Amino acid sequence: SFSEKISLKTHLLVHEGIRYPCNQCDKSFSQKSNLKKHSLVHEGIRHPCNQCDKSFSQKSYLKMHLLGHEGIRYTCNCCLKTFSLKSYLKKHLHRVMSRISF
Numbered sequence: 424s425f426s427e428k429i430s431l432k433t434h435l436l437v438h439e440g441i442r443y444p445c446n447q448c449d450k451s452f453s454q455k456s457n458l459k460k461h462s463l464v465h466e467g468i469r470h471p472c473n474q475c476d477k478s479f480s481q482k483s484y485l486k487m488h489l490l491g492h493e494g495i496r497y498t499c500n501c502c503l504k505t506f507s508l509k510s511y512l513k514k515h516l517h518r519v520m521s522r523i524s525f
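This is the structure in structure tokens:
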């Protein structure tokens with residue numbers, strides 16, 4: 424379900440098959456905004472983590488990564504696998520539940 428009409432409209436565009444190709448590599452994207460984010464990779468600007476040796480092309484990726492350093496873990500009740508972000512656990516659960524047939 425989509426909480427906002429704009430989210431639904433954006434999602435529906437994916438089904439139209441329109442692709443936005445990167446002019447610097449062979450990747451293409453279903454949303455223009457994702458192509459714009461991707462183009463940062465080619466600019467060479469990096470956002471380094473001050474707690475390890477990783478760096479990221481987008482500040483938002485660094486922020487998500489930093490949450491992992493906080494030590495908070497989210498555990499799957501089915502397989503006991505742990506995740507540093509709640510969103511990672513949700514994705515895992517979605518994959519697990521989609522494999523289970525009732």
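First residue of the sequence shown: 424, per this note's numbering; consecutive thereafter. In this text, a Cβ means the ideal position worked out from N, Cα and C, and glycines have one as well. This one's a predicted model, so the numbers in the text were calculated from it and none came from an experiment.
Minimum Cβ-Cβ distance from residue i to chain D less than 9 Å
i: L463; result: The structure shown has no chain D; it contains just one protein chain.
Closest Cα partner of residue i within the set the options
i: C448; options: E427, H465 and L436; result: H465
i: S430; options: Q454, H470 and P444; result: Q454
i: I468; options: L489, Y443, L485 and I523; result: L485
i: C502; options: L516, K459 and Y511; result: L516
Expected contact under 8 Å - CB spacing of residue i and residue j to nearest Å
i: R496; j: T505; result: 4 Å
i: S480; j: L463; result: 5 Å
i: H461; j: C445; result: 6 Å
Spatial neighbours of residue i in its chain, beta-carbon cut-off 8 Å, leaving aside the 5 residues before and after
i: H492; result: C472, Q474 and C475
i: L508; result: M487, L490, G491 and Y497
i: N457; result: Y443
Own chain residues within Cβ distance below 6 Å of residue i, not counting five before or after
i: G440; result: none
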